[in-house]
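Inspection log for the structure reproduced underneath, given as structure tokens.
Numbering (the working numbering), first residue to last: 95 to 431.
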């Protein structure tokens, strides 16, 4: 961890009162004004009786990034659309502060820049500098890294970061998606309510479809709220005759048998044909992202499992100093944060 000390940063994990790890990590550093600051990244709230971090940074509203918990803190920080998505998904009021993607905000005296990563509507990367000039970039999950800046310390993901796993290499099958809806007069796409469902609507409109799209309740609420140009949307079953529907994959079985059904996924364990549409970079894209950002040190903080370690090892093998979350030695309990 000497490299991180030289960069003026302490990266640490926390244990809760049960002795298990809280999700993801926190970063302690001194601001350009010399103030000691802690940012917790995509994690759950610390109980109120303990000292709080200066901010809970929420990169996006998927459940594995723990906004359901962090959103209840007045120290939560996320984009306006992430806050809206969290409120719809979890039926609770967002208590923190918000910003528009691309804005620069001040958090506890630290100037924090935000950048789109195109993973979901409203998803962002955060970047700031510390007292010694280290540029710290937290990417969250990434679909398109073209807007991400160079940095010195990169905190990033490895959802598809195992170069030894063939399923981590893919290209989106946009042609297959277009052919599916053009070749079937009545069709349903299985897509998660947040993220994939909005992507499906954007693709359909981009391919020139101007008709009604039927959606399940939560997908419809999220899409109407988050997309400015979603076109005409209706609740599932409100249209007569042929239509295009978007529902969660597990609800495809509930639709009439005469409807053609596809799942927007790279997985092969669904009973319906899969169309490869991902909201992540594949292994090649993740490697290219790191090469373009060119950090002095990389910490791979997401997801659970073996992929952060595999990606960190791969980065080391191509000349980038890297550490996976399971190798972080700094571990604090709530009392000592």
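Using N, Cα and C, we set each Cβ at its ideal position, and we do this for glycine too. Computed from a predicted model, the values in this text were never measured in an experiment.
* To do: Specify whether the stretch 272-285 and the stretch 151-164 touch according to this definition: at least 3 beta carbon pairs, one from each stretch, less than 8 Å apart.
  => no
* Asked: Would you report the Cα separation of residue 407 and residue 201, rounded to the nearest angstrom?
  -> Here residue 407 is taken as the residue at index 313 of the chain shown, counted from 1. Here residue 201 is taken as the residue at index 107 of the chain shown, counted from 1. Approximately 33 Å, taken between the alpha carbons.
* To do: Please name the residue or residues paired with residue 274 in a DSSP beta bridge.
  => Taking the first residue of the chain shown as position 1, residue 274 is located at position 180. According to DSSP, residue 274 bridges with nothing at all.
* Residues that DSSP places opposite residue 284 in a beta bridge -> Position 190 of the chain shown, counted from the start, is the residue given in the question as residue 284. 341 and 357.
* To do: Enumerate in chain order the residues of its own chain whose CB-to-CB distance from residue 195 is below 7 Å, with the five nearest sequence positions on each side excluded.
  => Here residue 195 refers to the residue found at position 101 of the chain shown. Excluding sequence positions up to five before and after residue 195, its CB lies within less than 7 Å of the CB of 173, 208, 210, 216 and 218, all in the same chain and listed in chain order.
* Does the stretch 305-320 come close enough to the stretch 376-390 that 3 or more CB-CB pairs lie under 8 Å? -> With a cut-off of 8 Å on Cβ pairs, the stretch 376-390 is not in contact with the stretch 305-320, counting fewer than three such pairs.
* Identify which residue in 235, 265, 411 and 170 has its Cα closest to the Cα of residue 378. => Position 284 of the chain shown, counted from the start, is the residue given in the question as residue 378. Selected option, being the one with the closest Cα: 265.
* In chain order, which continuous runs of the alpha helix (DSSP H) of length 4 or greater are located wholly inside the stretch 359-386? -> none
* Can you give me the start and stop residues for the beta strand (DSSP E) that residue 123 sits inside? => On the chain shown, position 29 is the one that residue 123 refers to. 119-124 is the span of the beta strand (DSSP E), which, as asked, contains residue 123.
* **Which of helix, strand or coil DSSP assigns to residue 350** => Residue mapping note: residue 350 aligns to position 256 of the chain shown, counting from 1. Reduced to three states, the DSSP call for residue 350 is coil.
* For residue 390, name the three-state secondary structure that DSSP assigns. => Position 296 of the chain shown holds residue 390. Residue state, collapsed to three classes: coil.
* **Sequence-distant residues of its chain with Cβ nearer than 6 Å to residue 357 (five each side left out)** => Position 263 of the chain shown, counted from the start, is the residue given in the question as residue 357. These residues qualify, in order along the chain: 284, 343, 364, 366 and 368.
* What do you get for residue 394, buried or exposed, if any count of 16 or more other CB atoms within 10 angstroms of its CB means buried? -> Position 300 of the chain shown, counted from the first residue, corresponds to residue 394. The residue in question, residue 394, is buried, as its Cβ has 16 or more Cβ neighbours within 10 Å.
* To do: Mind checking which residues open and close the alpha helix (DSSP H) that includes residue 175?
  => As a working note, residue 175 is residue 81 in the chain shown. From DSSP, the alpha helix (DSSP H) with residue 175 extends over 174-184.
* **Spatial distance of residue 120 from residue 425 (CA atoms)** => Along the chain shown, one-based indexing puts residue 120 at 26. Along the chain shown, one-based indexing puts residue 425 at 331. Linking residue 120 to residue 425 through their CA atoms gives a straight-line distance of about 10 Å.
* Assign residue 414 to one of three DSSP states: helix, strand, or coil. => For this step, residue 414 is matched to residue 320 along the chain shown. Correct three-state label for residue 414: coil.
* Between residue 125 and the rest of its own chain, which residues show a CB-CB distance below 6 Å, the 5 nearest in sequence each way excluded? -> Mapped onto the chain shown, residue 125 falls at position 31. Beyond the five residues adjoining it in sequence on each side, residue 125 comes within less than 6 Å, by CB distance, of 131, 203 and 204 in the same chain, given in chain order.
* Between the beta-carbon of residue 340 and the beta-carbon of residue 309, is there less than 7 Å? -> Taking the chain shown and counting its residues from 1, one reaches residue 340 at position 246. Taking the chain shown and counting its residues from 1, one reaches residue 309 at position 215. Yes, Cβ-Cβ distance for residue 340 and residue 309 is below 7 Å.
* Beta-carbon proximity of residue 387 to residue 244, cut-off 7 Å -> Within the chain shown, numbered from 1, the residue matching residue 387 stands at position 293. Within the chain shown, numbered from 1, the residue matching residue 244 stands at position 150. Their beta carbons are under 7 Å apart, which means residue 387 touches residue 244 by this criterion.
* What do you reckon, are the CB atoms on residue 404 and residue 185 nearer than 7 Å? -> The sequence position of residue 404 within the chain shown is 310, counting from 1. The sequence position of residue 185 within the chain shown is 91, counting from 1. Note that the C-beta distance between residue 404 and residue 185 is not below 7 Å.
* **Residues that DSSP places opposite residue 191 in a beta bridge** => Working through the chain shown from its first residue, we reach residue 191 at position 97. Residue 191 pairs with 171.
* Find the nearest neighbour of residue 331 within the set 267, 350, 117 and 237, judged by alpha-carbon distance. => Taking the chain shown and counting its residues from 1, the one referred to as residue 331 is at position 237. Among 267, 350, 117 and 237, the Cα nearest to that of residue 331 is on 350.
* To do: State the Cα-Cα distance for the pair residue 312 and residue 267, rounded to the nearest angstrom.
  => Looking up residue 312 in the chain shown gives position 218. Looking up residue 267 in the chain shown gives position 173. For residue 312 and residue 267, the gap between their C-alpha atoms comes out near 26 Å.
* To do: Starting from residue 318, follow its DSSP beta bridges and name the residues at the other end.
  => Within the chain shown, numbered from 1, the residue matching residue 318 stands at position 224. Residue 318 pairs with nothing; no bridge assigned.
* **Whole-angstrom distance between residue 336 and residue 220, CA atom to CA atom** => Your numbering for residue 220 matches position 126 in the chain shown. Your numbering for residue 336 matches position 242 in the chain shown. Spanning the two alpha carbons is a distance of roughly 44 Å.
* To do: Within the same chain, show all residues whose beta-carbon is closer than 6 Å to that of residue 432, passing over the 5 residues directly before and after it, in chain order.
  => The question about residue 432 has no answer, for the chain in this structure spans 95 to 431.
* To do: For the alpha helix (DSSP H) holding residue 295, just list the boundary residues, first then last.
  => Position 201 of the chain shown, counted from the first residue, corresponds to residue 295. Here the alpha helix (DSSP H) through residue 295 covers 290-300.
* To do: Name, in chain order, the residues that DSSP records as bridge partners for residue 219.
  => Indexing the chain shown from 1 puts residue 219 at position 125. Paired residue(s): 209.
* Asked: Looking only at its own chain, which residues have a Cβ that is under 7 Å from the Cβ of residue 117, when we skip the five neighbours before and after it?
  -> The residue you call residue 117 lines up with position 23 of the chain shown. These residues qualify, in order along the chain: 136, 137, 138 and 160.
* For residue 226, count neighbouring Cβ atoms within 10 angstroms of its own Cβ and tell me buried if that reaches 16, exposed if not. => Along the chain shown, read from residue 1 onward, the residue named residue 226 stands at position 132. Burial call: exposed.
* Put residue 152 into one of helix, strand or coil per three-state DSSP. => Stepping through the chain shown from its first residue, residue 152 is reached at position 58. DSSP places residue 152 in coil when its eight states are reduced to three.
* Using 10 angstroms around the beta-carbon of residue 401, count the other beta-carbons present and answer buried if the total reaches 16, otherwise exposed. => By one-based count along the chain shown, residue 401 stands at place 307. So residue 401 counts as buried.
* Asked: Where DSSP assigns a beta bridge to residue 104, which residues make up the other side?
  -> Walking along the chain shown from the start, residue 104 turns up at place 10. Note: residue 104 sits in a beta bridge opposite 122.
* Identity of the residue in 193, 233 and 275 nearest residue 302 by Cα -> One-based indexing of the chain shown puts residue 302 at position 208. Taking only the C-alpha atoms, the option nearest residue 302 is 275.
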